[in-house]
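**Q** Pasting a structure here, questions to come.
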Amino acid sequence: MTVPARPVKLAPSLLSCDFTRLGEELQAIADADWAHVDVMDGRFVPNLSFGLPILAAARRASPLFMDVHLMIEEPERYLRDFAQAGADGITVHVEATRHVHRVVGAIRELGKRAGVTLNPGTPLEAVRPVLADVDLVLVMSVNPGFGGQKFIPASVERVRTLRGWLDELGSAAELQVDGGVTPANARSLAGAGATNLVAGSSVFGPDGAAAGLSRLRAALA
1 MTVPARPVKL
11 APSLLSCDFT
21 RLGEELQAIA
31 DADWAHVDVM
41 DGRFVPNLSF
51 GLPILAAARR
61 ASPLFMDVHL
71 MIEEPERYLR
81 DFAQAGADGI
91 TVHVEATRHV
101 HRVVGAIREL
111 GKRAGVTLNP
121 GTPLEAVRPV
131 LADVDLVLVM
141 SVNPGFGGQK
151 FIPASVERVR
161 TLRGWLDELG
171 SAAELQVDGG
181 VTPANARSLA
191 GAGATNLVAG
201 SSVFGPDGAA
211 AGLSRLRAAL
221 A
């Protein structure tokens, strides 16, 4: 495989960290580019995760870019709260709101980077109308709701398609992938055009987050 043409940011997912040691875990990934914060409401996805207090604590503990992924119904109700709690970027699902253009605009009005995403079973065309308006497009490579799931191979082609669309627009938006990202598939995702990889269990492993992050970075070298 050819060397990726674009730099790739790494965004460890705090969903997989040890929350009794949140500050230490954030210190262990201090060399990462972003920290990814998965928020689940038990309605849009069949699981609950964490919310504003954890984000606020992470913000106090780390200067990393806080990349908040809202897996919640009607995310527009909580944009200001997450912005005030420390989000630097906020990503919403096209399936979770009736007015995605309005939500993207509201995120930007709060001074935050606006992202959009969609579930693996949702056609990519669902995000195409807002591609020119966002700072990030997230490809979910597992069905959202739980960490540690197996990567869906068809996600590589979804990344490749979105890369083509973004390039046609001349967009500088990040093309992010989340779900089952490991050193084994990171390079193929970068080769398909991803510029930002979220990884949870493959970073926060038994030998520590610093080692996991190092393995993922080495796979992209």
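In the UniProt record's numbering, the protein residues as written are 1 to 221. Idealized CB from N, CA, C, for every residue including glycine.
Determine the direct distance from the alpha carbon of aspartate 135 to that of alanine 172, and round the result to whole angstroms.
**A** If I take the Cα positions, the gap works out to 7 Å.
**Q** Let me know the alpha helix (DSSP H) ranges lying completely inside the segment 54 to 97, each 4 residues or longer, listed in chain order.
**A** Entirely contained in the segment 54 to 97, the alpha helix (DSSP H) runs reaching 4 residues are, in chain order, 79 to 85.
**Q** Using C-beta distances below 8 Å, list every residue in its chain close to threonine 122, excluding the 5 sequence neighbours before and after it, in chain order.
**A** Cβ neighbours of threonine 122 beyond the five flanking positions: Val94, Glu95.
**Q** State the beta-bridge partners of valine 159 as determined by DSSP.
**A** The partner list for valine 159 (beta bridge, DSSP) is empty, contrary to what the question assumes.
**Q** Measure from the alpha carbon of alanine 56 to the alpha carbon of each residue in Asp88, Gly42, Gly200, then state which is nearest.
**A** Checking every option, the nearest Cα to that of alanine 56 belongs to Asp88.
**Q** For the structure I just gave you, are there three or more beta carbon pairs, one from the segment 186 to 203 and one from the segment 3 to 22, closer than 8 Å?
**A** The answer is yes - the segment 3 to 22 touches the segment 186 to 203, with three or more Cβ pairs under 8 Å.
**Q** Around the Cβ of proline 46, are there at least 16 other Cβ atoms within 10 angstroms (buried) or fewer (exposed)?
**A** With fewer than 16 Cβ atoms within 10 Å of its Cβ, proline 46 is classed as exposed.
**Q** Can you list, in chain order, the residues of its chain whose CB lies under 7 Å from that of glycine 51, leaving out five sequence neighbours each side?
**A** Val39, listed in sequence order.
**Q** To which residues of the same chain is glycine 200 closer than 6 Å at the C-beta, ignoring the five residues directly before and after it?
**A** Counting only Cβ-Cβ distances below 6 Å, and skipping sequence neighbours, we find Ser13, Leu15, Ser16, Gly147.
**Q** Here's the rule: buried if 16 or more other CB atoms are within 10 angstroms of the residue's CB, otherwise exposed. What is histidine 36?
**A** Counting Cβ neighbours within 10 Å, histidine 36 comes out buried, since at least 16 surround it.
**Q** Out of Glu74, Ala83, Glu76, Ile72, point me to the one whose CA is closest to methionine 66's CA.
**A** When only C-alpha atoms are compared, the closest one is Ala83.
**Q** Nearest by alpha-carbon distance to arginine 163: which of Val104, Val177, Ala184 is it?
**A** Checking every option, the nearest Cα to that of arginine 163 belongs to Val177.
**Q** For the candidate residues Val181, Pro129, Asn143, Glu157, whose alpha-carbon lies nearest to that of leucine 169?
**A** With distances taken between Cα atoms, leucine 169 lies closest to Pro129.
**Q** Helix or strand or just coil, what does DSSP make of aspartate 18?
**A** Correct three-state label for aspartate 18: coil.
**Q** Contact defined as beta carbons within less than 8 Å: I believe leucine 213 pairs with alanine 32. What is the distance between those atoms, to the nearest angstrom?
**A** That belief holds up - the Cβ atoms of leucine 213 and alanine 32 are roughly 6 Å apart, short of 8 Å.
**Q** Under 7 Å between the Cβ atoms of alanine 106 and leucine 79?
**A** In contact: alanine 106 and leucine 79 (Cβ atoms closer than 7 Å).
**Q** Leaving out five residues on either side along the sequence, give the residues of the same chain with a beta carbon under 6 Å from the beta carbon of proline 144.
**A** Taken in chain order, the residues that qualify are Val45, Met71.
**Q** Based on DSSP bridge pairs, tell me the residues matched to aspartate 41.
**A** DSSP output for aspartate 41 lists Leu48 as bridge partner(s).
**Q** Using the Cα positions of valine 104 and glutamate 74, report the straight-line distance between them to the nearest angstrom.
**A** For valine 104 and glutamate 74, the distance between alpha carbons rounds to 13 Å.
**Q** Since I believe leucine 110 is in contact with valine 137 (beta carbons under 8 Å), could you give me their beta-carbon distance rounded to a whole number of angstroms?
**A** Wrong, their Cβ atoms sit about 19 Å apart, outside the cutoff.
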